[in-house]
Each structure stands twice: as structure tokens, then as C-alpha cells.
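Note sheet for the following structure.
Number of protein chains: 2
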Amino acid sequence: MQIYTRKQSMSKLLIVGTVAFDAIETPFGKTDKIVGGAATYISIAASQFNVESGIVSVVGGDFPKDFLKQLNEKNIDTSGIEIIEDGKTFFWSGKYHNDLNVRDTLATDLNVLADFDPKVPEKFQNTDFLMLGNLHPSVQMAVIKQLPNRPKLVVLDTMNFWMDNTWDELMEVVAKVDVITINDEEARQMSGEYSLVKAANKIHKMGPRYVVIKKGEHGALLFENGNAFFAPALPLEEVFDPTGAGDTFAGGFIGHIANTKDISFENMKKAVISGSNLASFCVEKLGTERMINLTKKEMMNRLIEFKKLTQFDIELS
Amino acid sequence: MQIYTRKQSMSKLLIVGTVAFDAIETPFGKTDKIVGGAATYISIAASQFNVESGIVSVVGGDFPKDFLKQLNEKNIDTSGIEIIEDGKTFFWSGKYHNDLNVRDTLATDLNVLADFDPKVPEKFQNTDFLMLGNLHPSVQMAVIKQLPNRPKLVVLDTMNFWMDNTWDELMEVVAKVDVITINDEEARQMSGEYSLVKAANKIHKMGPRYVVIKKGEHGALLFENGNAFFAPALPLEEVFDPTGAGDTFAGGFIGHIANTKDISFENMKKAVISGSNLASFCVEKLGTERMINLTKKEMMNRLIEFKKLTQFDIELS
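Those sequence lines, one after another, are chains D and U.
Each residue of the first sequence is one higher than the one before, counting from 1 in my numbering.
Each residue of the second sequence is one higher than the one before, counting from 1001 in my numbering.
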């Protein structure tokens, strides 16, 4: 049972995406099946903010109920996570190369995800914000269609796999969102342009007013027609596991927006800093471990580091 | 003949490096022999600032005197450029791949550079600042030894070639400088560390108090023991030719420092922004063309773009 202490002013944030098992191998360690998935990382990151979030997803009977309880304790509603008792949870396994920038997918077992028919719980049908985590674009579209009113902001995360295999469905959903977050190679693939400025301009024309290009250890770029903002990644002594960093970035981004309810470009700048900030924690340990235990104080302290890292005074003499 | 209107307050900046011919091939165009070289790019970039600079280098009789005159018109003293009338100027030829991040060297004809014996003109022996452009470390060391007093700041640029072939000589000169500028791969090679934070820490121990790691289109990082600052590269619609961008960065860096005479970490931040700013122009045309014609107004306007690109307000609530 979940107890909500929702303030009048608290935004609702609906998150659609996978809740999954991952098995990860990095040069620094190897996990057995651990909990992962886009919606997992997004929701945990967003829980750092004063928002009422809910997940729409599907898991099998093998998924640990305790983990759902952990999410509930972070004020994340899991009533939209369908549990198919005689099914198995989506499983992804990957191995990172030495520099952590390249990974091989070792296994992708769709399991219950293969027939996923998303259902938005009634209490989130009037959600203020919608975060569409990386998933089949027709699932993302099905969620958009279930909402009677358009949310204040719809953010879409996707990847090259959907560009390769479901281009038309992807374009339909891309046309309906305000913000798209993709990595640099995906932006180039999607636009056919090498220059990220030109790529963003083309992607704007496909629908999204805001284009966020994630560059991993090289930071992230935010584009709005003619405006650009750059959030660096924090230079870290150790990166243990990049899994979930992009989803955590998205969660920090939408979490900040939902908390402040301000969708101006000025505030989007802070949202990408917030996303980059949270992603910098995510990679410090394997899986969700670091994010589950992250405190608000740690988050705020690292924001100060981001300020030091980027802010300068300049005289225009 | 050069006429100097040196103000009492104007810093002297001595620049050591190649003055050369380049032949460049990019996906966007191809040049015949054009003027290039580290000292050329550095000095032109630094000429945007209120400094009295002089070059120490060597060219052959084939080098265009007109180009030296162009430098003189930018208040760059070329009396330290030895002209060996019966010799040929250093020649480098390279071809960039489609993404401009990788290049193949097609030719490196040392010519007069093979026996280069640098001589610091008397009027620069009391230089305030010393910029050691990418060259054989024993040439860089010979210049340091000719200066009776240590400059306020000595900046060294180098590359993997010297790490591979002249490690011991390189370490000797690295131990004597305040700032080193190298790219990310070179920082990793030099330190044996993949993490740039760890790499910088190791390089600090080799001598330089400040470590600047250039990441090309991904910007530049400045490290001082425990402090870090990041300057992005400006996202550009078109990049035509990266040749000289690293040297131009170094010239913008030392030009700002020499102009302000302030070697604090706070001012170094502005110096890396200044370097990144000037490098963003350099790549817009082939060779030195863009830099030769760059106005101070264009430079200042683009600084505003850098500010927009990086500055944000954050509430630490």
C-alpha cells in the first residue's frame, strides 16, 4: 500500500519504460541479474525532486516485489507496472570494453515486454509531465493516446535500434513530443547530418522544439531553434558502469522540470545540468546501487562542483 | 622595419614553434602549399590581445616575405625567425577523414627544421611570458636556457610523437613549465591513466601546476591540483579544417594571460574560454585564412555566445 502526502502544488510525472533485469560486465566487475531498465533509472533519478511520479511498465512473476516497495518508499507509484505472474521479466545483458564507451549486447530477452500493452493508471491520466523512456515507439504512442489532456511537457528518449527497425512509428511519436533526448551518433543517424547543430535543426523540423544530445563523458547539448546550451559531464576519477546513465540523465532532466513547473529555455538549461549531475553519480557504482542511496545533500553539493566547473566571469572590453 | 608603440604596460610574449608550409586535404577542399605552423597560428591568435609578441623559428628561402610582413602588421616581431636562404621551409601534408577527427600525415619534410638552433632575440630575453609550441623538446629546452630570468608563466604544447621518440628530453622540459597543453589521448599516453582526472594528477607530478587537456570538438579541461574547469567547443554548423586549432587555442590562452598579467586559476578559466573561442574561428576556413582576418569585434561577440552556452543560475535549495 502506498501513502501519498501530495501537496496541492506537487506535479505529477508519468514515466513509461522498461523495468528489467540486467547482467553487466565491465572491466571493474560483473553482476548477476540485477534490477535495471529505463523506467527504473528515470524514476529513481526523478525521485530526488518534489514530484509525484508513477511508472507504466510490465514485469514477470520473477521480479522482486521488494524492489517495487523500495520504489514506493521513494514516492514512486508502481500501480502502473503490470505483473504477469507466469511471465519472465525483460532481460538485457551487456559487456563494456576497456574504455567504457563501447559495449556489446550479449543478450536481449524481451519476455513479457514482447506483448506489452501499456495501461495508464487513472490517477496519472491527468499527469502534468510525461517521460517516454526508450521503448518501442508504438508503446510510447499508445501511452500518449491514453491521456485525455496533453501534458505540459512530453519528453522522449529513444535509440538507434528504433531508427533502424521502426522508423515510421518513431517519426509519428517524435512529431508529438516537446523534447527528444538521444546520443550524438543517433542524432547524426536520425538527421543524416554530421554537424550536431545541423542535426538539431533537422530534428526540430520533425517535431521536438527542444533537442537534447547526450555525449556521454563529453556532456550534453541542449538546442532550441537558434539557442544552444552545453552541460559538461563531471570529470570523474573512476567510472565503474555507464549502464543507466542516459536514463538517469533523463530522470534528472524531467525531475527538475516537473519540480519547477517551468518549461522556459532558461530553466531547461538547469534541467540538463541536473541530468548531468545525477548521471555523474549513476556511473560511480554498478547498476542502480549509487542512485538508490543518493541523498539530496550529495546532489546539491555536486551541483556546486558543476558551477565551479563551468562558470566564469568575462569582461567584454 | 617594425615600428612598436609599446606601452609601459604591454607584456612581452615569446613564442617558439614551427613556421611552415602545409598542404591540407579535407572532405571540403584541398590546398596547395599554404603557410602554417604552430608559431604562426599561436602568434596570430595572440595578436588579438594587447601584447608584444615575437617568434623564434626558422624558415627557408622559399618562405614568402610578404607573410612575415603580414605578421609584423599584427605587431608580431619576426626578427627571431631565422631565414636560411638556401634551405627549404618545413613542410607538412595531411588528409582528414570524413568526420575530421582523424587525419593521416602524408608528408613531413623537416628541411631547415632538422638543424634548427633557436636564438632568442635580445629584446625578448626578458620576455614576461613564454609559449613553447609543439617542437622537439630539446629545442624547447634550448630556448628556456637562453632566458636569463624565468618568465612569469611558461606554457608548453607537445604531442604524442615526442612521447614516443624523445621521452627523456620531453620529461626534462615538462619539469620546467607551469602549464602543459595536450590532447586527451596524449594525456592518457603520458600518464598511463584512462581517467583524465587521474591523468592530470599524474602529469602535475611531472612538473606543470596547470594541465590543459584539449578534446577538440568536445572542448577543453583545465586542471590545477584538485580544481577543474571545463570550456566547451562552440557547436558549429560547419567545420572546414581543424589544422591549427590546437595552436590557436594555445595562442588564445597565452594571449589572454599575457594581456591580463594574471596567472590565477580564476583567470586561467577565462584563458581557456579565450582559447576555445579563437579555435572556433580557426576551423571555419582552410589554413590561417579565418584567423588572419578575424576582428576583435567578432572575437568579443563570440565570447557572448560562449557565455550563453555555459552560464546558468542555480538555486541551491
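Where a beta carbon is used, it is the ideal one built from N, C-alpha and C, also for glycine.
Taking a cut-off of 8 Å for Cβ pairs, the region 232-242 of chain D and the region 256-267 of chain D do not touch, as fewer than three such pairs fall below it. Close partners of U:Q1311 in chain D (Cβ separation under 7 Å): Q311. For the region 234-251 of chain D, residues whose beta-carbon sits nearer than 9 Å to a beta-carbon of chain U comprise L234, P235, L236, E237, E238 and V239.
Nearest to U:N1134 by C-alpha distance, out of U:I1314, U:F1223, U:D1032 and U:I1182, is U:I1182. In this structure, DSSP gives U:M1268 a helical state, which the three-state scheme calls helix.
With respect to the 8 Å criterion, D:A245 and D:V272 are not classified as neighbours on the basis of their beta carbons. With fewer than 16 other CB atoms across the displayed protein chains lying within 10 angstroms of its CB, D:S9 is exposed. For the region 1192-1204 of chain U, the set of residues with a beta-carbon nearer than 9 Å to any beta-carbon of chain D comprises Y1194, S1195, L1196, V1197, K1198, A1200 and N1201, in chain order. Three or more Cβ pairs closer than 8 Å define a contact, and the region 165-184 of chain D falls short of that threshold against the region 1201-1208 of chain U.
Proximity of the region 1045-1061 of chain U to the region 1107-1126 of chain U meets the contact definition, three or more beta-carbon pairs being nearer than 8 Å. DSSP lists D:E224 as the bridge partner or partners of D:N227.
Taking 8 Å as the cut-off, the beta carbon of U:I1024 is found no closer than this to the beta carbon of U:T1288. Taking the Cα of D:S138 as reference, the smallest distance to any Cα among D:E172, D:V177 and D:M159 is reached at D:E172.
For D:P208, the nearest beta carbon of chain U is not closer than 8 Å to its own beta carbon. Separation of the CB atoms of U:G1080 and U:F1124 is rounded to 7 Å, and the pair is thereby assigned contact status at 8 Å.
In terms of CA proximity to D:T40, D:K74 leads the group D:K74, D:N201 and D:S191.
Residue burial annotation: D:A187 is buried, with at least 16 other C-beta atoms found within 10 angstroms of its C-beta. Contact with chain U is found for D:D99, since one of that chain's Cβ atoms lies less than 8 Å from the residue's Cβ.
Taking a C-beta cut-off of 7 Å against chain D, the contacting residues of the region 1223-1234 of chain U are A1228, F1229, F1230 and P1232, listed in chain order. By alpha-carbon distance to U:Y1096, the top candidate from U:K1030, U:I1076, U:D1109 and U:N1201 is U:K1030.
Nearest Cα to U:K1152 within the set U:L1013, U:M1141, U:Q1070 and U:L1234: U:L1013. At least one CB of chain D lies nearer than 8 Å to the CB of U:L1303.
One alpha carbon belongs to U:L1221, the other to D:Q146, and they sit about 46 Å apart. Across the structure, D:V212 and D:I180 are spaced so that their CA atoms are roughly 6 Å apart. In this structure, the CA atom of D:M268 is about 29 Å from the CA atom of U:V1283. Listed in chain order, the non-local C-beta contacts of D:D157 below 6 Å within the same chain comprise G133, N134, T181 and A250, local neighbours out to five positions each way being set aside. Between the alpha carbons of U:S1274 and U:M1299 lies a distance of about 9 Å. Contact of U:I1055 with chain D by beta-carbon distance below 7 Å is absent, the smallest such distance being about 26 Å. Within chain D, the residues whose beta carbon sits less than 8 Å from that of U:H1218 are K215, H218 and G219, listed in sequence order. Only residues of its own chain outside the window of five on either side were considered, and among them R1209, Y1210 and F1265 have a CB closer than 7 Å to the CB of U:E1224, listed in chain order. Chain-order list of chain D residues neighbouring U:K1270: F312, D313, I314 and E315, by C-beta distance under 9 Å. Distance check between D:E185 and each of U:I1034, U:K1176 and U:D1099 places U:D1099 closest, using alpha-carbon atoms only. For a Cβ distance threshold of 7 Å, residue set I1314 of chain U lies close to D:K307, ordered along the chain. Excluding residues up to 5 positions away in sequence, nothing lies with its Cβ nearer than 6 Å to the Cβ of D:D32 in the same chain. Contact with chain D is found for U:I1273, since one of that chain's Cβ atoms lies less than 8 Å from the residue's Cβ.
The alpha-carbon of U:D1086 is positioned some 25 Å away from that of U:L1106.
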